[in-house]
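K.L.:
Would you mind keeping the following structure in view while I ask a few things?
Residue numbers (UniProt numbering): 1 to 294.
Here it is, written out as structure tokens:
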């Protein structure tokens with residue numbers, strides 16, 4: 001089995017980067033045998049306090065918990081444990097800062113293990129499968145839009161009213177709530193096919209690009225695809241562009257991109273990290289620098 005990662009992130013037109021992502025070590029065959037390949041994306045909630053800190057805590061605690069997985073524990077159980085650990089850590093940090101349930105983040109986590117996909121998501125950051133040129137969203141949004149669509153179906157409001165509702169994208173669930181009211185997960189592992197690509201992204205990406213534009217980018221190898229997604233967003237020069245992060249995993253695809261061994265900081269307000277399938281890919285460096293700049 002060959003899984004190749006690609007990743008790119010940019011601050012957009014915001015004053016602070018509140019997105020976060022991490023990958024496990026894609027060269028650690030001993031862990032991969034029982035734990036697979038892990039990828040996580042989190043988007044700190046800007047409307048609440050300490051969004052960047054929430055994303056950092058959730059991602060780092062999730063990864064730390066999952067990488068401590070004993071070989072006898074199932075992937076699904078380890079994912080549940082990692083999410084519970086991350087959620088409790090964010091909630092505890094909020095209490096310490098006297099803002100309980102006012103500090104939060106979305107989170108998307110996937111594991112590819114033995115040719116199958118497992119996922120856990122909270123909030124409205126998305127997980128997509130691109131197969132044979134078709135894009136499918138695998139997770140559900142934990143926002144008010146779902147309730148609006150029910151009202152449309154019941155004939156209580158029109159689709160236009162739902163689309164233009166000012167609270168349409170208000171989150172109803174995020175990491176940092178205690179208890180966590182909803183978790184999007186797959187009941188059964190999803191078998192992957194050669195050539196499949198997975199996209200984990202913050203809404204700064206798919207909130208700007210159309211499905212066709214995303215698919216066009218995903219035709220490339222994982223690293224070039226992730227970079228292409230961010231470039232396509234930035235070329236639109238959207239006013240007030242949100243932070244944007246894309247992690248692409250290619251399943252049984254050929255890697256034609258050069259290897260870059262570590263994260264790097266870019267000049268100016270943008271930030272990107274690139275990583276190959278070798279070495280430790282826990283990419284949390286930038287928040288160690290910026291977490292107190294809010």
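Positions of the beta carbon are idealized from the N, C-alpha and C atoms, including for glycine.
Tell me the rounded alpha-carbon separation between residue 246 and residue 86.
P.N.:
In the chain shown, the residue the question calls residue 246 occupies position 246. In the chain shown, the residue the question calls residue 86 occupies position 86. Computed Cα separation, rounded: 21 Å.
K.L.:
Would you kindly check if the distance between the Cβ of residue 119 and the Cβ of residue 168 is under 8 Å?
P.N.:
Mapped onto the chain shown, residue 168 falls at position 168. Mapped onto the chain shown, residue 119 falls at position 119. No; because the gap between Cβ atoms is not below 8 Å, this pair is not in contact.
K.L.:
From the DSSP secondary-structure annotation, give me the bridge partner or partners of residue 361.
P.N.:
There is no way to answer for residue 361, as the model of the chain reaches only from 1 to 294.
K.L.:
How about residue 189 and residue 249: do their beta carbons lie closer than 8 Å?
P.N.:
As a working note, residue 189 is residue 189 in the chain shown. As a working note, residue 249 is residue 249 in the chain shown. No, these two residues do not count as a Cβ contact at 8 Å.
K.L.:
Exposed or buried, which one is residue 142 when buried takes at least 16 other CB atoms within 10 Å?
P.N.:
The sequence position of residue 142 within the chain shown is 142, counting from 1. Buried: at least 16 other Cβ atoms inside 10 Å.
K.L.:
Since residue 130 and residue 218 are thought to touch, with beta carbons under 8 Å apart, how far apart are those beta carbons, to the nearest angstrom?
P.N.:
Residue mapping note: residue 130 aligns to position 130 of the chain shown, counting from 1. Residue mapping note: residue 218 aligns to position 218 of the chain shown, counting from 1. About 5 Å separates the two Cβ atoms, so the contact holds.
K.L.:
Taking the alpha helix (DSSP H) that residue 57 belongs to, which residues open and close that run?
P.N.:
Taking the first residue of the chain shown as position 1, residue 57 is located at position 57. Start and end: 51–67.
K.L.:
Label residue 35 either buried or exposed according to how many other C-beta atoms from any shown protein chain fall within 10 Å of its C-beta, with 16 as the threshold for buried.
P.N.:
Walking along the chain shown from the start, residue 35 turns up at place 35. Buried.
K.L.:
Grab me the residues of residue 76's own chain with a C-beta within less than 7 Å of its C-beta, minus the 5 sequence neighbours each way, in chain order.
P.N.:
Indexing the chain shown from 1 puts residue 76 at position 76. 118, listed in sequence order.
K.L.:
Based on the DSSP secondary-structure assignment, which residues constitute the bridge partners of residue 37?
P.N.:
Taking the chain shown and counting its residues from 1, the one referred to as residue 37 is at position 37. Residue 37 pairs with 112.
K.L.:
Residue 104 and residue 174: beta carbons closer than 8 Å?
P.N.:
The residue labelled residue 104 in the question sits at position 104 within the chain shown. The residue labelled residue 174 in the question sits at position 174 within the chain shown. Yes, they are a contact pair.
K.L.:
On the three-state DSSP scale, how would you describe residue 188?
P.N.:
To locate residue 188, count along the chain shown from 1; it is residue 188. Three-state result, residue 188: coil.
K.L.:
Start and end of the alpha helix (DSSP H) containing residue 81?
P.N.:
Locating residue 81 in the chain shown gives position 81, counting from the first residue. Run containing residue 81: 75–96, per the alpha helix (DSSP H) assignment.
K.L.:
How far does the beta strand (DSSP E) with residue 208 in it reach, from first residue to last?
P.N.:
On the chain shown, residue 208 is found 208 positions in, with the first residue counted as 1. Looking at the DSSP string, residue 208 is not in any beta strand (DSSP E), and its letter there is neither H nor E.
K.L.:
Alpha carbon to alpha carbon, what distance is there between residue 89 and residue 191?
P.N.:
Here the question's residue 191 lines up with position 191 in the chain shown. Here the question's residue 89 lines up with position 89 in the chain shown. Cα to Cα, the separation comes out at about 32 Å.
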